[in-house]
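Residue numbers (the UniProt record's numbering): 1 to 69.
Report on the structure given below.
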């Protein structure tokens, strides 16, 4: 998977007079990626180890599971 991430942040104090200051802060973040998200398998297991339909996958539409891109 390819992931590109860049960010910049600013945190500054500027004097306006002898006793008054201005505070400036902020940030920006840019992220791009080309990778699979969480794979949704058609079945899951419950706390007792029993196989159950996965609530995150629609078995009618995706009988083999679903890989979002």
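Using N, Cα and C, we set each Cβ at its ideal position, and we do this for glycine too.
Since I believe residue j is in contact with residue i (beta carbons under 8 Å), could you give me their beta-carbon distance rounded to a whole number of angstroms?
| i | j | result |
| --- | --- | --- |
| residue 45 | residue 52 | 7 Å |
| residue 20 | residue 7 | Contact flag wrong, Cβ pair sits at about 31 Å. |
| residue 31 | residue 62 | The Cβ separation is near 27 Å, so there is no contact. |
Excluding five sequence neighbours on each side, which residues of the same chain lie with their C-beta closer than 8 Å to the C-beta of residue i?
| i | result |
| --- | --- |
| residue 10 | 24, 25, 26, 27 |
In this structure, how does DSSP classify residue i when only helix, strand and coil are distinguished?
| i | result |
| --- | --- |
| residue 59 | coil |
| residue 12 | strand |
| residue 17 | coil |
| residue 26 | strand |
In chain order, what residues of the same chain lie with their CB nearer than 7 Å to the CB of residue i, ignoring the 5 residues before and after it?
| i | result |
| --- | --- |
| residue 54 | 40, 41, 42, 43, 44 |
If you drop the 5 nearest sequence neighbours on each side, which residues of the same chain put their C-beta closer than 6 Å to that of residue i?
| i | result |
| --- | --- |
| residue 56 | 40 |
| residue 66 | 40, 57 |
Discussion item. Quick check on the DSSP output: what are the complete beta strand (DSSP E) runs of length 3 or more inside the segment 29–56, in order along the chain?
Written reply: 43–45, 51–53
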